[in-house]
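Novice: So the sequences go chain by chain: L and C. Per the UniProt record's numbering, the first sequence starts with residue 1, numbered consecutively. Per the UniProt record's numbering, the second sequence starts with residue 1, numbered consecutively. Before I ask anything, let me first share the structure, which is written out below as structure tokens.
2 protein chains.
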Amino acid sequence: MEDGTAERIRPRDRILETARDMFHKHGIKGVGVDAITEAAGTNKMTLYRHFESKDDLVIECLRATACSANAMWQKFEAEHPGDKLAQLHAWVRMAADCLMMDGRGCDMANAAIELSETDHPARRVIKELKQAQRDRLVGLCRDAGIGQAELLADTLSLLLEGARVSLQSVGAEGPSAQFVRMAEGLITSFRGAAAR
Amino acid sequence: MEDGTAERIRPRDRILETARDMFHKHGIKGVGVDAITEAAGTNKMTLYRHFESKDDLVIECLRATACSANAMWQKFEAEHPGDKLAQLHAWVRMAADCLMMDGRGCDMANAAIELSETDHPARRVIKELKQAQRDRLVGLCRDAGIGQAELLADTLSLLLEGARVSLQSVGAEGPSAQFVRMAEGLITSFRGAAAR
DNA sequence: CTAGGGTGTTACCGGTCTGTAACTTCTAGA
DNA sequence: TCTAGAAGTTACAGACCGGTAACACCCTAG
């Protein structure tokens, strides 16, 4: 065989990236394949040569999002090698930054809400990827020497998830404005409980 | 005039209630007006005689949801008259029950996510109603004698909002399973801080 | 130069969506 | 009983949706 799909211009990547952006901004059911391909500077046929269906494209977008999240976790480790507590604080800061500048919430959660059919193929993927993120946060808390690592990680998860959705319903001046204070307070509290 | 829209059979109410149920289960963009009217045992023309548009129907449904929430708060006061702390615990219990038996999250939050257009008429309504709920929870915390009432109320809000969305993305075995433990722990913690 | 795969273009299919028009049927009240 | 208004029925408009077929065009590897 040749050297696989080479490094050219690759409309597939343009479609994928454009779709991620548009799904994020307007929701999955809020944007059609025509709009995506037009924004990506290509056409519908090319999309369907690279993706089986719109659902397939959605799933691929979610995987790409998870991949981006992976990169962030690696950045935490690179910036604070070995210092798990610093990495946890970096996670809080990153989460807050995303809240501030984004406006729209987590792609996975939004997709889960939009795709209400319980047997939708994307739901399996969402559950897997979310579970992986949860496990990683639990691991970080545990490695940071926190006693009830699962409970802290789950609480932080819910706080962030809640902040993201509250940002869209109540607005930026709502409860989500206090996210950092809550998260840092919780970490302090859980660390105190462990030291005792 | 006659005695206004009398107390007969009233297809309008059937449409409204059916729409609430179907929007809740399948999302707003996931159900069409034809499906609503058929499930309500009526037809599209009758719907459009009572509601200006689908968006108008959506808004009316959200108002009805807010009305139901109002009734819950009155039940708290009726069951624990004057005892604000008991009412706060009742709120936690009610929230947990809703989580358990429902599966789909908060109609307002789901709508806010689905209706991503920033100028959508429903967004104003959602913000108002969510703000009102927040104010009420803050008031309850304050009246229960908790020092940092706003911070506790906002934290509880985010936890519940997060639990609702996490239930849909990660599932029932995810972080949302710990909601009661987190909420009760927070209340205890905040009460301790006030007593000191 | 040539062959072939990736790409672009156009047109189309069948379905669903919101919303409306015109007409008939029912029902309640005087 | 008669009448007015609410409700049901059918058909339709116009737009958009996901997905496909057929064909012309590159552009590069050999």
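A virtual CB, placed ideally from N, CA and C, is assigned to each residue, including glycine.
Less than 8 Å separating the beta-carbons of Ser169 of chain C and Leu99 of chain C?
Specialist: Here residue 169 of chain C is taken as the residue at index 169 of the second sequence, counted from 1. Here residue 99 of chain C is taken as the residue at index 99 of the second sequence, counted from 1. No, the pair does not count as a contact, with Cβ atoms beyond the cut-off.
Novice: Would you check if the segment 105–114 of chain L and the segment 151–168 of chain C touch, i.e. whether three or more CB-CB distances between them fall below 8 Å?
Specialist: Judged by Cβ distances under 8 Å, the segment 151–168 of chain C makes contact with the segment 105–114 of chain L, as three or more pairs qualify.
Novice: Could you work out which residues of chain L lie near Thr155 of chain C, taking near to mean beta carbons separated by less than 8 Å?
Specialist: For this step, residue 155 of chain C is matched to residue 155 along the second sequence. Per Cβ cutoff of 8 Å: Leu159, Pro175, Gln178, Met182.
Novice: Output, in chain order, the set of chain L residues within a Cβ distance shorter than 7 Å of Gln131 of chain C.
Specialist: Here the question's residue 131 of chain C lines up with position 131 in the second sequence. In chain order: Val170.
Novice: When the cut-off is 8 Å and only beta carbons count, does Leu30 of chain L lie next to chain C?
Specialist: For the purposes of this step, residue 30 of chain L is taken as residue 30 along the first sequence, with counting starting at 1. Reading off the sequence, residue 30 of chain L comes out as Gly, not Leu. Closer than 8 Å to some Cβ of chain C, the Cβ of Gly30 of chain L qualifies, so yes.
Novice: Counting only beta-carbon atoms, is His89 of chain L nearer than 8 Å to chain C?
Specialist: Here residue 89 of chain L refers to the residue found at position 89 of the first sequence. Chain C contact via Cβ: absent.
Novice: Does the distance from the CB of Leu156 of chain L to the CB of Leu137 of chain L come in under 8 Å?
Specialist: The residue given as residue 156 of chain L occupies position 156 in the first sequence. The residue given as residue 137 of chain L occupies position 137 in the first sequence. Taking 8 Å as the Cβ cut-off, Leu156 of chain L and Leu137 of chain L qualify as a contacting pair.
Novice: Kindly list, in the order they appear in chain L, the residues whose Cβ is closer than 7 Å to that of Asn110 of chain C.
Specialist: Along the second sequence, read from residue 1 onward, the residue named residue 110 of chain C stands at position 110. Per Cβ cutoff of 7 Å: Ile113.
Novice: List the residues of chain C whose Cβ lies closer than 9 Å to the Cβ of Gly27 of chain L, in chain order.
Specialist: Locating residue 27 of chain L in the first sequence gives position 27, counting from the first residue. By Cβ distance, chain C contributes Lys29, Ile113, Glu114, Leu115, Ser116.
Novice: Using the three-state DSSP reduction, which class does Leu186 of chain C fall into: helix, strand or coil?
Specialist: For the purposes of this step, residue 186 of chain C is identified with residue 186 of the second sequence, where counting begins at 1. Three-state DSSP puts Leu186 of chain C in a helix.
Novice: Tell me, please, whether the CB atom of Thr149 of chain L is closer than 8 Å to any CB atom in chain C?
Specialist: Taking the first sequence and counting its residues from 1, the one referred to as residue 149 of chain L is at position 149. Note that residue 149 of chain L is Ala in the sequence shown here, rather than Thr. Chain C, which has no Cβ nearer than 8 Å to the Cβ of Ala149 of chain L, makes this no.
Novice: Using alpha carbons as the reference points, say which of C:Thr65, C:Pro81, C:Asp55 lies closest to Lys29 of chain C.
Specialist: Position 29 of the second sequence, counting from 1, holds the residue named residue 29 of chain C. Nearest option by C-alpha distance: C:Asp55.
Novice: Just to confirm before moving on: does the CB-CB distance between Ile126 of chain L and Ala111 of chain L stay below 8 Å?
Specialist: The residue you call residue 126 of chain L lines up with position 126 of the first sequence. The residue you call residue 111 of chain L lines up with position 111 of the first sequence. Yes.
Novice: Under the three-state reduction of DSSP, which class applies to Asp83 of chain C: helix, strand or coil?
Specialist: Numbered from its first residue, the second sequence carries residue 83 of chain C at position 83. Asp83 of chain C: coil per DSSP, three-state reduction.
Novice: Could you tell me whether the Cβ of Arg196 of chain C comes closer than 8 Å to any Cβ of chain L?
Specialist: Reading the second sequence from its first residue, position 196 is the one you call residue 196 of chain C. Any reading at Arg196 of chain C must be qualified, since the residue scores a pLDDT of 49, below 50, and its modelled position is unreliable; no value is offered.
Novice: Could you tell me the distance, in whole angstroms, from the CA atom of Val180 of chain L to the CA atom of Arg93 of chain L?
Specialist: Here residue 180 of chain L corresponds to residue number 180 of the first sequence, with the count starting at 1. Here residue 93 of chain L corresponds to residue number 93 of the first sequence, with the count starting at 1. Approximately 7 Å between the Cα atoms of the pair.
Novice: Taking only three categories from DSSP, how would you classify Thr5 of chain L?
Specialist: Stepping through the first sequence from its first residue, residue 5 of chain L is reached at position 5. Per-residue confidence for Thr5 of chain L stands at a pLDDT of 34, beneath the threshold of 50, marking its modelled position as unreliable; the derived number appears in the next sentence. In this structure, Thr5 of chain L counts as coil in the three-state DSSP scheme.
Novice: Any beta-carbon of chain C closer than 8 Å to the one on Arg134 of chain L?
Specialist: Indexing the first sequence from 1 puts residue 134 of chain L at position 134. Judged by the 8 Å Cβ criterion, Arg134 of chain L is in contact with chain C.
Novice: Do Thr42 of chain C and Arg63 of chain C have their C-beta atoms closer together than 8 Å?
Specialist: Counting from 1 along the second sequence, the entry for residue 42 of chain C is found at position 42. Counting from 1 along the second sequence, the entry for residue 63 of chain C is found at position 63. It is not a contact, given that the beta carbons lie outside the stated cut-off.
Novice: Name, please, each residue of chain L whose Cβ falls closer than 8 Å to the Cβ of Ser53 of chain C.
Specialist: Taking the first residue of the second sequence as 1, we reach residue 53 of chain C at position 53. Ordered by position in chain L, no residue passes the 8 Å Cβ test against Ser53 of chain C, which lies about 17 Å from the chain.
Novice: Can you give me the start and stop residues for the alpha helix (DSSP H) that Gln136 of chain C sits inside?
Specialist: Taking the second sequence and counting its residues from 1, one reaches residue 136 of chain C at position 136. Note that residue 136 of chain C corresponds to Arg in the displayed sequence, not to Gln. Arg136 of chain C -> alpha helix (DSSP H) spans 121–143.
Novice: Identify which residue in L:Ile59, L:Tyr48, L:Glu17, L:Val33 has its Cα closest to the Cα of His120 of chain L.
Specialist: Looking up residue 120 of chain L in the first sequence gives position 120. Ranking the options by Cα distance to His120 of chain L, first place goes to L:Ile59.
Novice: Do you know offhand how far Gly82 of chain C's Cα is from Leu152 of chain C's?
Specialist: Translated into positions along the second sequence, residue 82 of chain C becomes position 82. Translated into positions along the second sequence, residue 152 of chain C becomes position 152. Near 20 Å, if we compare the C-alpha coordinates of Leu152 of chain C and Gly82 of chain C.
Novice: Counting only C-beta atoms, is Ile146 of chain C closer than 8 Å to chain L at any point?
Specialist: Locating residue 146 of chain C in the second sequence gives position 146, where the first residue counts as 1. By this cut-off, Ile146 of chain C is not an interface position.
Novice: Nearest by alpha-carbon distance to Asp34 of chain C: which of C:Met45, C:Arg49, C:His26 is it?
Specialist: By 1-based counting over the second sequence, the position of residue 34 of chain C is 34. Measuring from the Cα of Asp34 of chain C, the nearest candidate turns out to be C:Met45.
Novice: Find the residues of chain L that neighbour Ala163 of chain C, judging by a C-beta separation of less than 9 Å, and give them in chain order.
Specialist: Your numbering for residue 163 of chain C matches position 163 in the second sequence. Simply Leu158, Glu161, Gly162.
Novice: Excluding sequence positions up to five away, which residues of its chain have a Cβ less than 6 Å from the Cβ of Gln133 of chain C?
Specialist: Start at 1 with the first residue of the second sequence, and residue 133 of chain C comes out as number 133. Correct list: empty, nothing qualifies.
Novice: Once DSSP output is grouped into helix, strand and coil, what is the label at residue 255 of chain C?
Specialist: With chain C covering only 1 through 196, there is no way to say anything about residue 255 of chain C.
Novice: Please list, in chain order, all residues of the same chain as His24 of chain C whose beta carbon is under 7 Å from its beta carbon, the five residues on each side excluded.
Specialist: Reading the second sequence from its first residue, position 24 is the one you call residue 24 of chain C. So the qualifying residues of the chain are Arg104, Asp107.
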